[in-house]
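Each remark here refers to the structure printed beneath this line.
2 protein chains.
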Amino acid sequence: MDIKQYMQQVGKQARAASRLVAAASTDAKNRALLAMAAQIRAHQAELLAANESDLAQARTDGLDTAMIDRLTLTAKGVESMAQGLEQIAALPDPVGEISNVKRRPSGIQVGHMRVPLGVIGIIYEARPNVTADAAGLCLKSGNAAILRGGKEALHCNQAIAACVRAGLASAGLPETAVQVIETIDRAAVGELIAMPQYVDVIVPRGGKGLIERISKDARVPVIKHLDGNCHVYIDDEADAAKVIPIVENSKTQRYGTCNTAESLLIARGVAQRFLPAIGRMLADKGVEMRACEESLVILHDAGIAQDKLKLATEQDWFEEYLAPIIAVKIVDGIDAAITHINTYSSQHTDAIVSENYTKAMRFLREVDSSSVMVNASTRFADGFEYGLGAEIGISTDKIHARGPVGLEGLTSQKWIVFGNGEIRK
Amino acid sequence: MDIKQYMQQVGKQARAASRLVAAASTDAKNRALLAMAAQIRAHQAELLAANESDLAQARTDGLDTAMIDRLTLTAKGVESMAQGLEQIAALPDPVGEISNVKRRPSGIQVGHMRVPLGVIGIIYEARPNVTADAAGLCLKSGNAAILRGGKEALHCNQAIAACVRAGLASAGLPETAVQVIETIDRAAVGELIAMPQYVDVIVPRGGKGLIERISKDARVPVIKHLDGNCHVYIDDEADAAKVIPIVENSKTQRYGTCNTAESLLIARGVAQRFLPAIGRMLADKGVEMRACEESLVILHDAGIAQDKLKLATEQDWFEEYLAPIIAVKIVDGIDAAITHINTYSSQHTDAIVSENYTKAMRFLREVDSSSVMVNASTRFADGFEYGLGAEIGISTDKIHARGPVGLEGLTSQKWIVFGNGEIRK
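Line order of the protein sequences matches chains C and A. As numbered in my numbering, the first sequence has no gaps in its residue numbers, which increase by one up to the final residue, 425. As numbered in my numbering, the second sequence has no gaps in its residue numbers, which increase by one up to the final residue, 1425.
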């Protein structure tokens, strides 16, 4: 069977299974999730062995440390996969929820019902835990899933897939509700993203290159996450007690996450007051500052070491460093801050620090990003912190789902009509 | 300036204008809408003259009657465009609405804010009234619009565009918030659907061919409406008093609309009881029946004229006739009906006629269409009937918006965080 035939068959099976999981009871879905967790715990040794064989191959292939890190599954990692599935079982079932029912002048009652999207294709890279997470989230939201993990994790993903299938079967659900692609041929991805008859939406998880490639070629809607060039804007009415903690947490709590601040904007009126202390805090943590001419002078005069200071270029305003580097710019005030952010931001997460009500509300409304915050760290942009229970990813798209995507983002709402024999006049 | 440069400029202007209309007050948007309406009334003579010149060209080009019909603007049509804009002004403003705010254990309060999508590209065919409608809906929802009407309506669309611009200017809003493309070169469409940096979503309105072409080539999300192959299923527990009115209204109230029923399914248990009367009603109205073998016998025995009866082929189950033709099939019951609909329906609108609670609720949940109804005519699937006030179209997509799309469908929700200096632990 060639790749095209194989993927068509996978798609057909997923479509058929999607009807069954869409109609499945909450109880059956939860039993399957708990059974998957039990299977994963029971097969810890097999999962670790499969991961070991992936790791051996990765070392032979000379993959870099970061990749090997992401690929590595530990006993603790196995346990947290199992717990993740149990947490998903504990979340409320979004499917079938009826809302907003209103009686119309014609007599009909019209409302919404939350329904699964159908078949979700998930394309990801090395991390094997995504296989269990994504399977769990798709199932709980009533969707069938086609998972395509990285070729580096093939053995481990297949071992996890076996646990998932066993869990489904034990609850009387079709094993084809979650299919993990068994080939490492990259053509499989090309097929997966071009079968609108079988796949309703694609969620790519991984580096920007992967996501851009998929978005470009997909013939199916893509829920995507590109850069996280997040901003903190220190307004001239900022509360001094909040400035340093928010900048410090937003930039330095973790450097490699998408909700980490990459640019600091500060109103001219408070630059002399706040920048020296911010600069010293950042320099102490080893963060390099790429500063505009004006802020560079202030930071230099504050005695920040030369090796931590650099003149920013236009490119710096766009940059997602994912590293101990931050761009720093002095702006006239709220208008300039909003314009700068709407020009350079990746529309992920941006925060203002201000005590002024009107400016705070304008920032919330006018900054066109998926998460906009007042007096809080950008690091809060996260499905768990927002109370979603779990997240399949963070969307920087504007339609369907913005920001952290949980179970609800894997569903949509259809219209339902309760009639009593009404006809249209 | 070549087409590419021209469209890039239009896109750039739209993006800039979108920031201003997103932040515009409800009052300014409503004043602009009322001013547009006043302009349209004041320029009735110019609009009709421009339409006359389009019609003259259309006759010279030998366009068919249906097309000329859609292209024709009357004094009454001008008035109803103006009234349409006034109705949009009267609708609640969806932009900025805050909902679902919850306090999290970290102390932050997280919620949603409804926000415009940004720039909406609308591609449509002959009807000039779409120019005013679409301009009004996009403005009220805080979006900038790029409108690309049919080349047949060029003069009339430009005359309407002048009224729209004057209305925007009188309320202090940028004239570039609504741009009507001034070239008839089809390359403009190709550019419009391939500028994700300037356009956030495309809404094509027109024939299936247009929509399929656009969806295939778009590099931007498309809110699309394909077929309306709608079903009425008569369950074996249907109330006899509801059967004929619902079938009659669903099929025969209008033949050319997308929410018209194209297929009738009937449970075997009641086929003998209901089909003869249904068949006579349909035949009296001149509707041809494409019937399965079993129903053909019943209809034949009921004395329906031979020229109204035909044996259905597999293709008939897929067909959107938009004509006095209906496919008729006897099914075993609710399961077979749901399976048939989920196999052949275009996922637009499907209805069940039944007094059985559990079957009604299963139909609502398991039929995967944008509108699902119990004991009501499929003809109710419509923005006005659903209480949206106005509609930009009906979506048969599954993500973002399903079914009739009003102001809300032209917006999305971002996350907002109200903090008090919180940082992530």
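Glycine residues also receive a C-beta, built at the ideal position from the N, C-alpha and C atoms.
Against chain A, the beta carbon of I394 (chain C) has no neighbour under 7 Å; the closest one sits roughly 10 Å away. In the same chain as G84 (chain C), and ignoring 5 residues on each side of it, the C-beta atoms closer than 6 Å to its own belong to D133, in chain order. Of A:A1082, A:L1091, A:G1207, A:R1379, the smallest CA-CA separation from A1038 (chain A) is found for A:A1082.
In the DSSP assignment, G1136 (chain A) falls within the alpha helix (DSSP H) that extends over 1129-1140. For Q1197 (chain A), the secondary structure class from DSSP, reduced to helix, strand or coil, is coil. For a cut-off of 8 Å, the C-beta gap from P245 (chain C) to K285 (chain C) is around 13 Å, too long to register as a contact. Nearest Cα to A89 (chain C) within the set C:S141, C:R205, C:E79, C:I108: C:S141.
Close to chain C, meaning a Cβ-Cβ distance shorter than 9 Å, are the following residues of the stretch 1323-1344 of chain A: I1338, T1339, N1342. Per DSSP, E1125 (chain A) lies in no alpha helix (DSSP H) and is assigned neither H nor E. Here the alpha carbons of V1220 (chain A) and D217 (chain C) stand approximately 12 Å from one another.
R213 (chain C) is outside the set of residues whose beta carbon lies under 8 Å from a beta carbon in chain A. Take A1016 (chain A), set aside five residues on each side of it, and the residues of its chain with a beta-carbon closer than 8 Å to its own are P1174, T1176, in chain order. The C-beta of Q1315 (chain A) has fewer than 16 other C-beta atoms within 10 Å across all chains shown, which makes the residue exposed.
Between the alpha carbons of M289 (chain C) and R379 (chain C) lies a gap of roughly 19 Å. At a Cβ-Cβ threshold of 8 Å, A1050 (chain A) and L1071 (chain A) do not count as neighbours. In the DSSP annotation of this structure, the continuous segment of the beta strand (DSSP E) that includes Q1413 (chain A) starts and ends at 1411-1422. Per DSSP, I181 (chain C) is not a residue of any beta strand (DSSP E), being assigned neither H nor E. Residues of chain A whose Cβ lies closer than 7 Å to the Cβ of A177 (chain C) do not exist; the shortest such Cβ separation is about 16 Å. Going by C-alpha positions, T1131 (chain A) is about 20 Å away from A1056 (chain A). Runs of the alpha helix (DSSP H) spanning 4 or more residues and lying entirely within the stretch 249-305 of chain C occur at 268-284, 293-301, in chain order. Less than 8 Å divides the Cβ of G167 (chain C) from the Cβ of A32 (chain C). No Cβ-Cβ contact shorter than 8 Å links G150 (chain C) with E191 (chain C).
For V201 (chain C), the neighbours in chain A by C-beta distance under 8 Å run, in chain order, K1398, I1399. Note on the stretch 34-111 of chain C: whole alpha helix (DSSP H) runs with a minimum of 4 residues are 44-60, 65-71, 75-90, in chain order. At a cut-off of 8 Å between beta-carbon atoms, L1364 (chain A) makes contact with chain C.
Excluding sequence positions up to five before and after G1403 (chain A), its CB lies within less than 7 Å of the CB of S1370, S1371, A1381, I1394, S1395, all in the same chain and listed in chain order. Looking at the DSSP output, V1405 (chain A) shares a beta bridge with A:G1393.
For D1332 (chain A), same chain residues with a beta-carbon under 7 Å away, outside a window of 5 residues either side, are R1268 in chain order.
Here G303 (chain C) is exposed: its Cβ has fewer than 16 other Cβ atoms, across all protein chains shown, within 10 Å.
Chain-order list of chain A residues neighbouring I246 (chain C): G1419, G1421, E1422, I1423, by C-beta distance under 9 Å. Using a Cβ-Cβ distance cut-off of 8 Å, the stretch 194-213 of chain C and the stretch 229-246 of chain C are not in contact, since fewer than three pairs of beta carbons, one from each stretch, lie closer than that value. The beta-carbon distance between G1421 (chain A) and A240 (chain C), rounded to whole angstroms, is 11 Å. This is too long to meet the 8 Å contact definition.
Taking G256 (chain C) as reference, the option from C:Y321, C:G77, C:G118, C:R273 with the minimal CA-CA separation is C:Y321.
Distances from the alpha-carbon of G172 (chain C) to those of C:D54, C:A238, C:A23 put C:A23 closest.
Residue environment: D1301 (chain A) is assigned as exposed (fewer than 16 neighbouring CB atoms within 10 Å of its CB, all protein chains considered). For T1339 (chain A), the enclosing alpha helix (DSSP H) starts and ends at 1334-1344.
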